[in-house]
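**Student:**
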Amino acid sequence: MTIELIKDRLKVEELRGKKETQTLVETESYLSPSKPNIEKILWTDAQVEILSTKAIRDRLVISGVVKFKTVYKVEGDENIYTIDANEDFKEEIEIPGITEDMSATVKTNVEYVEEEILDERKISVRALLNIQGRVEEINTLEIIKGIEEKEDLQTLKETVKYKEVLGRETSYAIVKEVFELGVDKPSIEEILKVNIQAYENESTVVDDRIIISGTANARIIYYGENQISTVEQEIPFSHFLDLPGAVEGAQADLILEVVEGGFEVLENEDGEYKVIDLEIKLRISGAAYTENEKSLIVDAYSTREHIKIETEEVNLVENIRSLNHKETVYKDLTDYNIKEIYDLTGYPLILDTKIVEEGVNIEGILSIQAIYLDEAGEVTTLREEVPYKFYLPVDNINANSNIEVDLDLESLKASLYKDAYSIEGVLKHKINVNRNRFLRVINEIDETGELIDKKNRPSITIYIVQRDDTLWDIAKRYNTTIDEILSANENINPNNIMPGEKIIIEKKVDINL
Numbered sequence: 014m015t016i017e018l019i020k021d022r023l024k025v026e027e028l029r030g031k032k033e034t035q036t037l038v039e040t041e042s043y044l045s046p047s048k049p050n051i052e053k054i055l056w057t058d059a060q061v062e063i064l065s066t067k068a069i070r071d072r073l074v075i076s077g078v079v080k081f082k083t084v085y086k087v088e089g090d091e092n093i094y095t096i097d098a099n100e101d102f103k104e105e106i107e108i109p110g111i112t113e114d115m116s117a118t119v120k121t122n123v124e125y126v127e128e129e130i131l132d133e134r135k136i137s138v139r140a141l142l143n144i145q146g147r148v149e150e151i152n153t154l155e156i157i158k159g160i161e162e163k164e165d166l167q168t169l170k171e172t173v174k175y176k177e178v179l180g181r182e183t184s185y186a187i188v189k190e191v192f193e194l195g196v197d198k199p200s201i202e203e204i205l206k207v208n209i210q211a212y213e214n215e216s217t218v219v220d221d222r223i224i225i226s227g228t229a230n231a232r233i234i235y236y237g238e239n240q241i242s243t244v245e246q247e248i249p250f251s252h253f254l255d256l257p258g259a260v261e262g263a264q265a266d267l268i269l270e271v272v273e274g275g276f277e278v279l280e281n282e283d284g285e286y287k288v289i290d291l292e293i294k295l296r297i298s299g300a301a302y303t304e305n306e307k308s309l310i311v312d313a314y315s316t317r318e319h320i321k322i323e324t325e326e327v328n329l330v331e332n333i334r335s336l337n338h339k340e341t342v343y344k345d346l347t348d349y350n351i352k353e354i355y356d357l358t359g360y361p362l363i364l365d366t367k368i369v370e371e372g373v374n375i376e377g378i379l380s381i382q383a384i385y386l387d388e389a390g391e392v393t394t395l396r397e398e399v400p401y402k403f404y405l406p407v408d409n410i411n412a413n414s415n416i417e418v419d420l421d422l423e424s425l426k427a428s429l430y431k432d433a434y435s436i437e438g439v440l441k442h443k444i445n446v447n448r449n450r451f452l453r454v455i456n457e458i459d460e461t462g463e464l465i466d467k468k469n470r471p472s473i474t475i476y477i478v479q480r481d482d483t484l485w486d487i488a489k490r491y492n493t494t495i496d497e498i499l500s501a502n503e504n505i506n507p508n509n510i511m512p513g514e515k516i517i518i519e520k521k522v523d524i525n526l
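Heads up, the sequence shown is in the numbering used here, so the first residue is 14 and it goes up one at a time.
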């Protein structure tokens with residue numbers, strides 16, 4: 014006979030693999046006939062666009078394109094010239110155990126860009142890319158949360174905390190802005206670089222969608238009236254990410270990536286080329302989740318008869334705590350004798366994560382690159398790595414906990430104070446404290462009809478507690494209950510029985526058997 018079970022399901026997203034790799038993308042570029050020979054390169058910029066990401070067995074396959082733009086000068090010529098080149102790439106990251114039906118996300122960063130003049134009409138450009146791949150899988154576990162009331166059946170329950178992912182989607186947002194340069198700015202002859210960063214300001218989950226508000230920061234370097242100038246524009250935007258299964262009040266995880274920034278330079282009312290029509294394409298990947306807590310039955314026995322139990326061992330990734338932390342890092346640039354910063358980019362990286370006492374130590378670096386004009390009138394590029402570390406207290410953390418940190422650059426800006434520049438970067442850390450719990454969960458419980466014979470047992474048994482014993486283990490061994498043991502042993506601590514402690518087990522016989 015089968016005992017009536019009350020079943021439930023746990024829907025959890027588990028990290029199946031996370032790995033970072035590097036790839037070198039290089040190509041050669043030739044000048045068009047209308048442009049003069051190359052004499053001095055000022056800088057080369059590289060933008061990455063991921064075209065596709067696909068998980069296959071044991072591998073993550075990524076394809077994309079790197080868009081290069083090289084800026085150069087000619088001796089005795091005040092004009093600035095550019096060379097454009099695109100190069101496709103394909104990279105595979107080995108992540109054992111992943112399959113086609115798992116969800117994959119990718120983050121990229123250009124660690125450095127180099128160029129070489131091969132001859133007066135040809136250059137070689139290369140970019141080293143950091144590519145971080147992450148693969149997750151949604152698993153549904155069937156559990157038993159209750160049993161139809163049965164007086165002689167004893168059950169052991171455990172409570173688990175977990176994140177239930179309600180859905181994960183990716184969509185694209187188009188952000189448009191038309192703005193005019195100030196009267197103090199020269200007219201535009203050629204756009205040299207468009208650097209765009211997108212930041213999330215706020216997100217709200219409602220039924221079947223995530224509402225996102227953010228800011229796109231566009232920094233444009235251009236040439237005009239015999240000088241290089243910059244203009245910066247902050248563009249607020251909102252976007253609705255359709256996400257079937259999302260519910261109001263859930264939380265959201267978002268990744269915002271700039272795919273490309275297109276522009277058109279227009280004339281203003283005075284006939285000056287000072288109007289920029291900017292169009293930004295963003296890729297927004299989002300997930301909605303709830304933080305849940307459920308009790309499930311992990312063991313059972315009867316005080317009256319032998320029962321048959323079918324169990325299964327599962328590895329449940331339990332979420333202990335989720336935290337958000339912002340860390341501000343600074344870098345003094347006094348030694349560089351900077352007259353004007355044209356462009357500033359940054360990339361943060363976690364170097365080490367350690368569990369220390371009742372918290373976590375996190376160490377990382379912020380790699381920054383700036384294109385600037387020095388006091389001698391030369392256009393130069395600087396690269397710096399700014400280390401940082403912080404300690405964050407975390408409740409219920411221990412040496413067996415797993416720490417996952419997702420890191421984003423929220424903002425990066427340069428400030429001028431007393432003729433010296435400094436850089437301020439705000440880093441946003443999403444920290445998940447997890448632990449692996451190996452639980453033997455019950456699938457089925459069947460009555461056998463075979464009664465437990467207690468008649469030949471002694472009226473009182475003295476049991477000496479062994480190491481790692483619990484009252485549940487002892488009660489199950491002697492087909493009694495924890496309440497009956499506590500009734501016969503008023504002086505024991507039910508939450509902390511000690512090895513060597515003596516426990517009285519009284520025989521209870523059902524006179525109806």
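For every residue, glycine included, the Cβ atom is placed at its ideal position computed from N, Cα and C.
All of these numbers come straight from a predicted model, not from anything done at the bench.
Of all Cβ atoms in chain D, is any one closer than 8 angstroms to the Cβ of R470?
**Tutor:** Structure shown: chain D not included; a single protein chain is present.
**Student:** Quick one: using the 10 Å Cβ neighbour count with 16 as the cut-off for buried, is V191 buried or exposed?
**Tutor:** Looking up residue 191 in the sequence shown gives position 178. Counting Cβ neighbours within 10 Å, V191 comes out exposed, since fewer than 16 surround it.
**Student:** Looking only at its chain, what residues have a beta carbon closer than 6 angstroms to the beta carbon of E215, apart from the 5 residues adjacent to it on each side?
**Tutor:** Along the sequence shown, one-based indexing puts residue 215 at 202. These residues qualify, in order along the chain: S226.
**Student:** Please list the terminal residues of the continuous beta strand (DSSP E) segment that includes A313.
**Tutor:** Residue mapping note: residue 313 aligns to position 300 of the sequence shown, counting from 1. That run of the beta strand (DSSP E) goes 286-315.
**Student:** Does the distance from the CB of E292 to the CB of K206 come in under 8 angstroms?
**Tutor:** Walking along the sequence shown from the start, residue 292 turns up at place 279. Walking along the sequence shown from the start, residue 206 turns up at place 193. Contact: no.
**Student:** Could you check whether T40 and V138 sit closer than 8 angstroms to each other, using their CB atoms as the reference points?
**Tutor:** Against the sequence shown, residue 138 aligns to sequence position 125. Against the sequence shown, residue 40 aligns to sequence position 27. Yes.
**Student:** In whole angstroms, give me the CA-to-CA distance for E323 and D486.
**Tutor:** As a first step, residue 323 is located in the sequence shown; it is residue number 310 there, counting from the start. As a first step, residue 486 is located in the sequence shown; it is residue number 473 there, counting from the start. So the two alpha carbons sit approximately 18 angstroms from each other.
**Student:** Expressed to the nearest angstrom, what Euclidean distance is found between the alpha-carbon atoms of S335 and D255?
**Tutor:** Start at 1 with the first residue of the sequence shown, and residue 335 comes out as number 322. Start at 1 with the first residue of the sequence shown, and residue 255 comes out as number 242. The alpha-carbon atoms of S335 and D255 are separated by roughly 24 angstroms.
**Student:** Is the distance from the Cβ of S42 to the Cβ of A117 below 8 angstroms?
**Tutor:** Against the sequence shown, residue 42 aligns to sequence position 29. Against the sequence shown, residue 117 aligns to sequence position 104. No; because the gap between Cβ atoms is not below 8 angstroms, this pair is not in contact.
**Student:** Within 10 Å of its beta-carbon, does L309 have 16 or more other beta-carbons around it, so buried, or fewer, so exposed?
**Tutor:** One-based indexing of the sequence shown puts residue 309 at position 296. Result: buried.
**Student:** So R222 and A259 are supposed to be a Cβ contact under 8 angstroms. How far apart are they, rounded?
**Tutor:** As a first step, residue 222 must be located in the sequence shown, where it is residue number 209. As a first step, residue 259 must be located in the sequence shown, where it is residue number 246. Confirmed, about 6 angstroms.
**Student:** Determine the burial state of H319: buried for a count of at least 16 other Cβ atoms within 10 Å of its Cβ, exposed for fewer.
**Tutor:** Position 306 of the sequence shown, counted from the first residue, corresponds to residue 319. Classification for H319: exposed.
**Student:** Following the continuous alpha helix (DSSP H) through K489, name the residue where it begins and the one where it ends.
**Tutor:** For the purposes of this step, residue 489 is taken as residue 476 along the sequence shown, with counting starting at 1. Here the alpha helix (DSSP H) through K489 covers 484-490.
**Student:** What does DSSP give as the partner residues of L395 in its beta bridges?
**Tutor:** Taking the first residue of the sequence shown as position 1, residue 395 is located at position 382. According to DSSP, L395 bridges with A383.
**Student:** Reducing DSSP to helix, strand and coil, say where S335 ends up.
**Tutor:** Start at 1 with the first residue of the sequence shown, and residue 335 comes out as number 322. The answer is strand: DSSP assigns S335 an E or B state.
**Student:** Within the stretch 256-286, note down every full beta strand (DSSP E) run reaching 3 residues or more, in order along the chain.
**Tutor:** As far as the stretch 256-286 is concerned, its whole beta strand (DSSP E) runs of at least 3 residues are 264-280.
**Student:** Mind listing, in chain order, the continuous beta strand (DSSP E) runs of no fewer than 3 residues lying wholly within the stretch 30-103?
**Tutor:** The stretch 30-103 contains these whole beta strand (DSSP E) runs: 53-69, 72-87.
**Student:** Can you give, in chain order, each stretch of the beta strand (DSSP E) that sits fully within the stretch 165-217 and has at least 3 residues?
**Tutor:** Taking only runs of at least 3 residues, the beta strand (DSSP E) segments lying wholly in the stretch 165-217 are 166-193.
**Student:** Just reading off the alpha helix (DSSP H) that I501 is part of, what are its end residues?
**Tutor:** As a working mapping, residue 501 is identified with position 488 in the sequence shown. Residue 501 is actually Ala in this sequence, not Ile. 495-501 is the extent of the alpha helix (DSSP H) around A501.
**Student:** Would you mind giving the Cβ-Cβ distance between P471 and K515, rounded to the nearest angstrom? I have them listed as a contact below 8 angstroms.
**Tutor:** Mapped onto the sequence shown, residue 471 falls at position 458. Mapped onto the sequence shown, residue 515 falls at position 502. That belief does not hold up - the Cβ atoms of P471 and K515 are roughly 15 angstroms apart, past 8 angstroms.
**Student:** Put T112 into one of helix, strand or coil per three-state DSSP.
**Tutor:** In the sequence shown, residue 112 corresponds to position 99, counting from 1. Coil at T112, not helix or strand.
**Student:** Using the three-state DSSP reduction, which class does D132 fall into: helix, strand or coil?
**Tutor:** What you label residue 132 is simply residue 119 of the sequence shown in a count that begins at 1. Of the three classes helix, strand and coil, the one that applies to D132 here is strand, per DSSP.
**Student:** Work out the CA separation of A186 and Q210 for me, nearest whole Å.
**Tutor:** Against the sequence shown, residue 210 aligns to sequence position 197. Against the sequence shown, residue 186 aligns to sequence position 173. The alpha-carbon atoms of Q210 and A186 are separated by roughly 14 angstroms.
**Student:** What's the C-alpha gap between L420 and L484?
**Tutor:** Counting from 1 along the sequence shown, the entry for residue 420 is found at position 407. Counting from 1 along the sequence shown, the entry for residue 484 is found at position 471. Using only the alpha carbons, I get a separation of about 45 angstroms.
**Student:** Between which residues of its own chain and N415 is the CB-CB distance below 6 angstroms, once the five residues before and five after are set aside?
**Tutor:** Taking the first residue of the sequence shown as position 1, residue 415 is located at position 402. Excluding sequence neighbours, N415 sits near N447.
**Student:** If you follow the beta strand (DSSP E) that T228 is in, where does it begin and where does it stop?
**Tutor:** In the sequence shown, counting from the first residue as 1, residue 228 sits at position 215. Element bounds for T228: 222-237.
**Student:** Quick one: what's got a C-beta closer than 6 angstroms to E273's C-beta in the same chain, skipping five residues either side?
**Tutor:** Residue 273 sits at position 260 when you count from the first residue of the sequence shown. Hits under 6 angstroms: K294.
**Student:** Going by the beta-carbon positions, is the gap between K103 and Y314 smaller than 8 angstroms?
**Tutor:** To locate residue 103, count along the sequence shown from 1; it is residue 90. To locate residue 314, count along the sequence shown from 1; it is residue 301. Cβ distance not < 8 angstroms, so K103 and Y314 don't count as in contact.
**Student:** Where does L459 sit, in a helix, a strand or coil, going by DSSP?
**Tutor:** As a working note, residue 459 is residue 446 in the sequence shown. Note that residue 459 corresponds to Asp in the displayed sequence, not to Leu. D459 falls in the strand class under three-state DSSP.
**Student:** Rounded to the nearest angstrom, what separates K161 and Q167 at their Cα positions?
**Tutor:** Taking the first residue of the sequence shown as 1, we reach residue 161 at position 148. Taking the first residue of the sequence shown as 1, we reach residue 167 at position 154. Reading the sequence as shown, one finds Glu at residue 161 and not Lys. Taking the straight line from one Cα to the other gives about 12 angstroms.
**Student:** Going by DSSP in three states, D466 sits in which element: helix, strand or coil?
**Tutor:** Position 453 of the sequence shown, counted from the start, is the residue given in the question as residue 466. Looking at D466 - three-state DSSP - the assignment turns out to be coil, as it is neither helix nor strand.
**Student:** Return the residue from the list G237, I517, E17 that minimises the CA-CA distance to D197.
**Tutor:** Within the sequence shown, numbered from 1, the residue matching residue 197 stands at position 184. Ranking the options by Cα distance to D197, first place goes to G237.
**Student:** Within this structure, are the beta carbons of E261 and D312 separated by less than 8 angstroms?
**Tutor:** Residue mapping note: residue 261 aligns to position 248 of the sequence shown, counting from 1. Residue mapping note: residue 312 aligns to position 299 of the sequence shown, counting from 1. No; because the gap between Cβ atoms is not below 8 angstroms, this pair is not in contact.
**Student:** Please report the straight-line C-alpha distance between E105 and V288, rounded to a whole angstrom.
**Tutor:** Indexing the sequence shown from 1 puts residue 105 at position 92. Indexing the sequence shown from 1 puts residue 288 at position 275. Approximately 43 angstroms, taken between the alpha carbons.
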